[in-house]
């Protein structure tokens, strides 16, 4: 028998207690000592070394029998177990009822109530492979600090020095190529999402990402989303590929909306005005306004991932918040669609005099603009604008004095819904009367040109 084992057994037996001749006094650690003795006996070897040692020390006669005689009521000492019970009792869940209005009972305490479930042992029904949804393949890896600092400096330098020029050239390549190369478009959408998000979280400067903050970029991203969804329907063998690209386009669209929200909070008045111009196009043109709604209607759980649905709902929430903010900040209310009420014909009434007949009310300028605005945006984007002559050389009136007549003519053409001619006349007048920028500056962007036409439409020029 090893000396260390003999020393341990001797020390264990010594602290069990002592007999004073009349009563046996238990040590305060008697319960732990009994557990240690049971543990030693369970780990005894084939030669029964421990049992023979305890027999030589007469532990049974001198201690255990006397403990049994003098401490019969100490039941915990005799029922001691070394193994922990797995049944730890029952608990009642507050503010939750089970079936039959009974208390909800659980068998262990939960830190979060969301972890309480009863279906973890149930067998799930297997689904066909073609009915299983697309799994999320996003894997995030954290690089070492030195690599992260290097990448951060690279992103800062790229934004300040090359982002706008690179993205302008990339967009021109995508537009010029028929339907755009899939790899180039995917890289462009990823760059839009990543660098705009980096700029928004680092030190938000609109000038660094000005190339990708425009209505044209919104149109490009929206067109790619529609194309990817159509490819998912037609090219069924590559549904996961087109689904991932659709998800990437959605995240780029979401980042464009987040950047517009950040521009609204800028202290620079010019930045806020630019955001207002872009939002006026997005909210007034039905093609932009219904993009997210159409994606919600087209969602298919077997072709799109769960994370795509999360990002889609988040994007819809951001869009609705921006629309609510846009309508509450002094702008006129946005009329999506007006429903004409049908008048019921009165029965048994005689023909009334002519002066009492119901006259259809003339639509207001606001109602007419709701119809003309989307058409004008489509004309500015796609239509061929004719060349117009903004003045009449046969009149005795000097050309400079015919400026107001040209303005009235533009307004008249717009109210008559001759939008191509009105746009062509505005651009021709801008070239003739370039001073004071009465018809806009020479390099006016499409958003400001749209607002200039809107002001002419609502202006009181003494005409209609």
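Numbering (the UniProt record's numbering), first residue to last: 1 to 464.
In this text, a Cβ means the ideal position worked out from N, Cα and C, and glycines have one as well.
| Check | Outcome |
| --- | --- |
| Entirely enclosed alpha helix (DSSP H) segments - the region 107-177, minimum 4 residues | 145-161, 163-176 |
| Inside the region 266-308 only - alpha helix (DSSP H) runs reaching at least 4 residues | 269-284, 286-289, 291-297 |
| Nonlocal neighbours in the same chain, by C-beta distance under 6 Å from residue 242, ignoring five residues either side | 228, 231, 232 |
| Bounding residues of the alpha helix (DSSP H) (the contiguous stretch that carries residue 70) | 65-70 |
| Cβ-Cβ distance between residue 280 and residue 423 below 8 Å | no |
| Presumed contact (8 Å Cβ cut-off) between residue 312 and residue 295, rounded CB distance | 6 Å |
| Span of the alpha helix (DSSP H) around residue 247 | 239-264 |
| Cβ-Cβ distance between residue 5 and residue 34 below 8 Å | no |
| Residue 17 (DSSP reduced to helix, strand or coil) | strand |
| Endpoints, beta strand (DSSP E) assigned at residue 94 | 91-97 |
| Proximity winner among 437, 388, 430, 434, relative to residue 413 (alpha-carbon distances) | 388 |
| Status (buried if at least 16 other CB within 10 Å, exposed otherwise) for residue 96 | exposed |
| Distance between residue 90 and residue 116 (C-alpha atoms, nearest Å) | 14 Å |
| Inter-residue Cα distance where the pair is residue 262 and residue 119 | 44 Å |
| 6 Å CB neighbourhood of residue 40 in its chain, flanking five on each side removed | 50 |
| Contacts around residue 175, its chain only, beta-carbon distance under 8 Å, and the 5 residues preceding and following it disregarded | 220 |
| Span of the alpha helix (DSSP H), counted from its first residue to its last, around residue 228 | 215-234 |
| Counterpart residues of residue 24 in DSSP-defined beta bridges | 19 |
| Limits of the unbroken alpha helix (DSSP H) element including residue 30 | 30-42 |
| Rounded C-alpha distance that separates residue 247 from residue 322 | 22 Å |
| Cutoff 7 Å; reference residue 326; Cβ partners in own chain excluding five residues on either side | 279, 283 |
| Status (buried if at least 16 other CB within 10 Å, exposed otherwise) for residue 202 | exposed |
| Cβ shell of residue 257 (< 8 Å), same chain only, five flanking positions each side left out | 315, 318, 319, 322 |
| Closest by C-alpha distance to residue 36, when choosing among 390, 14, 429 | 14 |
| Proximal residues to residue 151 (C-beta, below 8 Å), its chain only, five neighbours per side dropped | 143 |
| Alpha helix (DSSP H) segment containing residue 373, residue limits | 365-382 |
| Buried versus exposed, by CB contacts within 10 Å (16 or more), residue 110 | exposed |
| Cutoff 6 Å; reference residue 255; Cβ partners in own chain excluding five residues on either side | 193, 196, 197 |
| Enclosing alpha helix (DSSP H) for residue 411 [first to last residue] | 403-415 |
| Spatial distance of residue 379 from residue 441 (CA atoms) | 20 Å |
| Nearest candidate by alpha-carbon position, reference residue 405, set 374, 456, 25, 385 | 456 |
| Option in 364, 301, 402 with minimal Cα separation from residue 127 | 301 |
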